[in-house]
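Below is one structure; the comments refer to it alone.
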Amino acid sequence: MNIESTTQKHWHETSYAKLVESIQYIAQNYHDVYALALYYYCDDDEPCFPKVELNFNTNQQFQAQISEASSQAEAKWNYAYWLQEQSWDIGGENDQLLAQWFEQTPFYYSQKQMEYAEQEDDALFNELLEKGEQFAQLFITQIIKMVQQLFSENILQDTFGKNLPVIIHELEYYEEPISWTRRANPSILINEFMDACESNFS
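Taking my numbering, the leading residue of the sequence shown gets 18, the next gets one more, and so forth.
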């Protein structure tokens, strides 16, 4: 689905600039970074508030967590064992540009509509939930494009001196978010991550 609008482009450009700035901060303040991650979820479990948090991990943290994890693969690639010191957000309930983009899509609904549907109308609730989920898919598509843009513009190469994998994930590592990572990254960068997922980090 390709729904382009001025508000979407403005949100994308602003969010991408924030992403690049955050990555540059990481490179300046942390050493031995081997991977970045964008953790996806929705604020308040509302699909109209999709969000990603940028984080990263270092080889030092990976080595320190091997004894805590069930395997080296889990320590290296499962976000639960990564550094949790700081994160940078894109999207979410407080992102006004995201709200403006949402209003311009065919999937828009107000919070009053959702509150009414939750209490009074199951059919409407399911309809609005489906709309929200479709918007969340648009959001993820834009996030994937941002990661692809990082590679096409050599941001990671120029910032870290080499390209790094960017893992797009949820709390659980199942096929859909794994496919986001596959679409966003050059395959050579994510082969080890993909193997770890296929083996369930064993």
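Here a beta-carbon is modelled for each residue, glycine too, at the ideal position from N, C-alpha and C.
In the three-state reduction of the DSSP assignment, I161 falls in the helix class, which pools H, G and I. About 4 Å separates the Cβ atoms of S104 and E70, confirming a contact at the 8 Å cut-off. Per the DSSP secondary-structure output, N72 pairs in a beta bridge with A54.
For the stretch 190–215, the continuous alpha helix (DSSP H) assignments of 4+ residues that do not extend past its boundaries occur at 192–201 and 204–215, in sequence order.
Sorting P203, E209, C214 and H27 by C-alpha distance to the C-alpha of H186 places C214 at the top. Taking one beta carbon from each stretch, the stretch 73–86 and the stretch 194–212 have fewer than 3 pairs nearer than 8 Å; the two do not touch.
Counting only runs of at least 4 residues, the stretch 87–151 fully encloses the following alpha helix (DSSP H) elements, listed from N- to C-terminal order: 89–94, 113–120 and 128–137. Straight-line measurement puts the Cα of N76 at about 19 Å from the Cα of S219. Taking C-alpha positions only, F124 is separated from E150 by approximately 9 Å.
In this structure, L141 lies away from W28, with their beta-carbon atoms at least 8 Å apart. Closest in C-alpha terms to Q130, from the list N217, Q117, Q113 and K148, comes K148. Under the 10 Å beta carbon count, K26 is surrounded by fewer than 16 other beta carbons and is classified as exposed.
Rounded to the nearest whole angstrom, the C-alpha separation of Q166 and Q128 is 33 Å. Separation of E110 and P67 (C-alpha to C-alpha, rounded to the nearest whole angstrom) is 8 Å. Comparing alpha-carbon positions, the option among C65, Y42, V50 and N95 lying closest to Y191 turns out to be N95.
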